[in-house]
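Trainee: Just so you know, the numbering used here puts 85 at position 85 of the sequence shown, and the rest follows in order with no gaps. Note that beta-carbon positions come from the ideal geometry of N, C-alpha and C, so glycine has one too. Quick caveat, the model's predicted, so the values are computed rather than measured.
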Amino acid sequence: MPNEIASRIEYSEKYFDDENEYRHVILPKELASKIPKDRLLLESEWRQLGVQQSRGWGHYAVHRPEPHILLFRRPLGTDPTTGKVDPILAAQAKQKVLAEYAH
């Protein structure tokens, strides 16, 4: 992956519901042809495209009108270094999200 293309990948801020955190990643449009149309990407595949993010993220949906936009999610409380859900962190994260968005 040429560094020039990887430097043009855009990452959204994270957004949340009461179970998961989400983000979307916008790839340069010339990479759209490298994304399979009939399935989601494995972690090794999206990393090979140049996407860089902590562990635990899963490609969960395709934005059909713009296939170069990848949608990711991971459970609240995921340890970013291991990709595993820590039950204590999960409970704390869920409490925080509920407190912030319950208003």
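Write down the C-beta distance between Asp18 and Val97 rounded to the nearest angstrom, noting that I regard them as a contact closer than 8 Å.
Mentor: 6 Å between Cβ atoms; contact.
Trainee: Residues in its own chain within less than 7 Å of Arg55 by CB, not counting five upstream and five downstream?
Mentor: So the qualifying residues of the chain are Pro80, Thr81, Thr82, Gly83.
Trainee: Identify the continuous beta strand (DSSP E) that holds Pro75 and give its terminal residues.
Mentor: Segment 69 to 75, the beta strand (DSSP E) holding Pro75.
Trainee: The ligand GTP and Ile88: does any heavy atom of the ligand fall closer than 8 Å to the residue's C-beta?
Mentor: In the structure shown, the ligand GTP is absent, as is every other ligand, since no ligand is present at all.
Trainee: Taking 7 Å as the limit between beta carbons, can you name the residues of its chain near Tyr101, skipping five residues before and five after?
Mentor: Contacts found: none.
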